[in-house]
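To keep things clear, I will list the structure first and then write my remarks on it.
2 protein chains.
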Amino acid sequence: MVYDQSKNMNSDSSFMQAMIYQIRALDPYGTMDNLSTDEMFEPFIIEKSKRKKIPVVGNMDHQTKSRIFVFYNTIASMIEKETEVMVSVIMDLSDEGFGRVLVYCGRLIVLNRTFRDAHRFGFDSLEKLINEGNKLVQSGKDAVKQFEEVARA
Amino acid sequence: MVYDQSKNMNSDSSFMQAMIYQIRALDPYGTMDNLSTDEMFEPFIIEKSKRKKIPVVGNMDHQTKSRIFVFYNTIASMIEKETEVMVSVIMDLSDEGFGRVLVYCGRLIVLNRTFRDAHRFGFDSLEKLINEGNKLVQSGKDAVKQFEEVARA
Numbered sequence: 001m002v003y004d005q006s007k008n009m010n011s012d013s014s015f016m017q018a019m020i021y022q023i024r025a026l027d028p029y030g031t032m033d034n035l036s037t038d039e040m041f042e043p044f045i046i047e048k049s050k051r052k053k054i055p056v057v058g059n060m061d062h063q064t065k066s067r068i069f070v071f072y073n074t075i076a077s078m079i080e081k082e083t084e085v086m087v088s089v090i091m092d093l094s095d096e097g098f099g100r101v102l103v104y105c106g107r108l109i110v111l112n113r114t115f116r117d118a119h120r121f122g123f124d125s126l127e128k129l130i131n132e133g134n135k136l137v138q139s140g141k142d143a144v145k146q147f148e149e150v151a152r153a
Numbered sequence: 154m155v156y157d158q159s160k161n162m163n164s165d166s167s168f169m170q171a172m173i174y175q176i177r178a179l180d181p182y183g184t185m186d187n188l189s190t191d192e193m194f195e196p197f198i199i200e201k202s203k204r205k206k207i208p209v210v211g212n213m214d215h216q217t218k219s220r221i222f223v224f225y226n227t228i229a230s231m232i233e234k235e236t237e238v239m240v241s242v243i244m245d246l247s248d249e250g251f252g253r254v255l256v257y258c259g260r261l262i263v264l265n266r267t268f269r270d271a272h273r274f275g276f277d278s279l280e281k282l283i284n285e286g287n288k289l290v291q292s293g294k295d296a297v298k299q300f301e302e303v304a305r306a
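So the protein sequences, as listed, match chains A and B. Note that our numbering has the first sequence beginning at 1, numbered continuously upward. Note that our numbering has the second sequence beginning at 154, numbered continuously upward.
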């Protein structure tokens, strides 16, 4: 899972950097202090064939929940940084892997994702994670721009 | 806790009726089928002095969570009925009684309530419950009207 950052240095590395902050924020005892970047991202990268094998019966893993939270909080923090509007995340996921994540600012929902198999949260590759993240950040920023008044309400 | 409905029949009884639907929706085994209206609303009515005595240490009662859900779902259902926009509720409450409830439609958040002592959820009287409910329904409807485009996004 070695990732060639040189290809798209700016937006890629800023998303990864923001995500590392979020991962560390949920690691108050510093158990990840000695991990490399690759090792920190490893749990987020699960190939499609492996994701399909994760059973969706049984209560979902607490760590998977944390990872979902980290990913969407990263998006929120990046939208916040660039639009200067406070952005929050609210997550309601049942142990059965059903639920929703909303990212919002003011009265505006900038991202609304429904889960039916949250057990299987993961990305094919680091590139895909970053692309997906950046795409959601961009669409969030567009929404804030489009409905400025609501976002600042 | 006998309540004189004749005073403000229309909006009061419609809020109560909508709330009874929500209570029954969470009672699939019909354990409340034989309760009177007063008995159904009784758990929602806790005098201020009694509320203050409810300890906020220790995990919060699952039934209190349900009651919060019922109250905000009632508001959502009434906004939905009158504006004809689909309205949803998302609730994220920790066992410590901290968290948030959002009521939203489309991309618009019509109600955002933060809890710091959800253990103590309750109203001084049935009048106060209904007044609070109707007030929130009204402000939700106003928000939908003001930001129609976002609500239908």
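Ideal Cβ positions, reconstructed from N, Cα and C, are used throughout, including at glycine.
Task: Where residue 1 of chain A falls: helix, strand or coil (DSSP) - done: Because residue 1 of chain A carries a pLDDT of 46, less than 50, the predicted location of this residue cannot be relied on, and the following value inherits that uncertainty. The three-state secondary structure of residue 1 of chain A, taken from DSSP, is coil.
Open item on the list: Closer than 7 Å between beta carbons: that is the criterion. Which residues of the stretch 248-262 of chain B meet it against chain A?
Closed with: Cβ contacts with chain A come from 253, 255, 257, 260, 261, 262.
- [ ] For the beta strand (DSSP E) containing residue 287 of chain B, list its first residue and its last residue.
- [x] Secondary structure note for residue 287 of chain B: it is in no beta strand (DSSP E), and the uninterrupted alpha helix (DSSP H) holding it is 279-299.
Task: Within-8 Å CB hit, residue 147 of chain A to chain B - done: Yes, residue 147 of chain A lies at the interface with chain B (some Cβ there is under 8 Å from its Cβ).
Open item on the list: I need the DSSP call for residue 6 of chain A, collapsed to helix, strand or coil.
Closed with: Model confidence at residue 6 of chain A stands at a pLDDT of 47, short of 50, so the residue's coordinates are unreliable and nothing is read from them.
- [ ] Just tell me which of B/282, B/304, B/303, B/306 has its CA closest to the CA of residue 200 of chain B.
- [x] Ranking B/282, B/304, B/303, B/306 by Cα distance to residue 200 of chain B puts B/282 first.
TODO: Name the residue from A/122, A/55, A/146, A/59 whose alpha carbon lies nearest to the alpha carbon of residue 69 of chain A.
DONE: Minimum Cα distance to residue 69 of chain A is reached at A/122.
- [ ] Can you grab the Cα-Cα spacing for the pair residue 13 of chain A / residue 117 of chain A, in whole Å?
- [x] A direct Cα-Cα distance of roughly 29 Å separates residue 13 of chain A from residue 117 of chain A.
Task: Listed by chain order, chain B residues near residue 150 of chain A by CB distance under 7 Å - done: Neighbours of residue 150 of chain A on chain B, chain order: 261, 300, 303.
Task: DSSP beta-bridge partners of residue 115 of chain A - done: Beta-bridge pairing links residue 115 of chain A to A/99.
TODO: Report the neighbours of residue 270 of chain B on chain A: residues whose CB is nearer than 7 Å to its CB, in chain order.
DONE: Those within 7 Å of residue 270 of chain B in chain A number zero; the least Cβ separation is about 19 Å.
Open item on the list: Just verifying my parser: in three-state terms, what is the DSSP assignment at residue 240 of chain B?
Closed with: Secondary structure of residue 240 of chain B (DSSP, three-state): coil.
- [ ] Under 9 Å between beta-carbons, which chain B residues line up against residue 40 of chain A? List them in chain order, please.
- [x] Result: empty, since nearest Cβ-Cβ is about 26 Å, beyond 9 Å.
Open item on the list: With a threshold of 8 Å between beta-carbons, can residue 92 of chain A be considered close to chain B, or not?
Closed with: Yes, residue 92 of chain A counts as interfacial toward chain B.
Open item on the list: Along the stretch 73-93 of chain A, where does the CB come closer than 7 Å to a CB of chain B? Name the residues.
Closed with: If the cut-off is 7 Å between Cβ atoms, the stretch 73-93 of chain A has 90, 91, 92 near chain B.
Task: Close beta carbons around residue 236 of chain B, own chain, < 7 Å, minus the five adjacent residues each side - done: The residues 294, 297, in chain order, have a CB closer than 7 Å to that of residue 236 of chain B in the same chain once the five nearest residues on each side in sequence are set aside.
Open item on the list: According to DSSP, is residue 263 of chain B part of a helix, a strand, or is it coil?
Closed with: In the structure shown, residue 263 of chain B sits in a strand (DSSP, three-state: E or B).
TODO: Please name the residue or residues paired with residue 154 of chain A in a DSSP beta bridge.
DONE: Residue 154 of chain A cannot be examined here, being either before or after the span of chain A that is shown, 1 to 153.
Task: Cross-chain neighbours of residue 143 of chain A in chain B, by beta carbon under 8 Å - done: Within 8 Å of the CB of residue 143 of chain A, the CB atoms of chain B belong to 260, in sequence order along the chain.
Open item on the list: If contact is defined by three or more beta carbon pairs under 8 Å, each pair taking one atom from either stretch, is the stretch 167-187 of chain B in contact with the stretch 243-261 of chain B?
Closed with: No, the stretch 243-261 of chain B is not in contact with the stretch 167-187 of chain B.
- [ ] Whole angstroms is fine: what's the gap from residue 194 of chain B's alpha carbon to residue 20 of chain A's?
- [x] So the two alpha carbons sit approximately 48 Å from each other.
Open item on the list: I'd like the span of the alpha helix (DSSP H) that includes residue 51 of chain A, first residue to last.
Closed with: First-last of the alpha helix (DSSP H) with residue 51 of chain A: 48-53.
Open item on the list: Check this for me: beta carbons of residue 171 of chain B and residue 217 of chain B, under 8 Å apart or not?
Closed with: The answer is no: Cβ separation not under 8 Å.
Open item on the list: At the level of alpha carbons, what is the spacing between residue 38 of chain A and residue 244 of chain B?
Closed with: Going by the C-alpha atoms only, they are around 34 Å apart.
- [ ] Please state whether DSSP places residue 44 of chain A in a helix, a strand or coil.
- [x] Helix.
Open item on the list: On the criterion of 16 or more Cβ atoms from any shown chain inside 10 Å, does residue 257 of chain B qualify as buried, or is it exposed?
Closed with: Buried.
Open item on the list: Can you list, in chain order, the residues of its chain with a C-beta nearer than 8 Å to that of residue 268 of chain B? Leave out the 5 residues immediately preceding and following it.
Closed with: Beyond the five residues adjoining it in sequence on each side, residue 268 of chain B comes within less than 8 Å, by CB distance, of 221, 246, 250, 251, 252, 253, 254, 274 in the same chain, given in chain order.
- [ ] Alpha carbon to alpha carbon, how far is residue 288 of chain B from residue 66 of chain A? Give it in angstroms, no decimals.
- [x] As the crow flies, the alpha-carbon of residue 66 of chain A is around 36 Å from that of residue 288 of chain B.
TODO: With a threshold of 16 other CB atoms inside 10 Å of the CB of residue 86 of chain A, please say whether the residue is buried or exposed.
DONE: Result: exposed.
Open item on the list: If the criterion is Cβ atoms closer than 8 Å, does the pair residue 109 of chain A and residue 260 of chain B meet it?
Closed with: Their beta carbons are under 8 Å apart, which means residue 109 of chain A touches residue 260 of chain B by this criterion.
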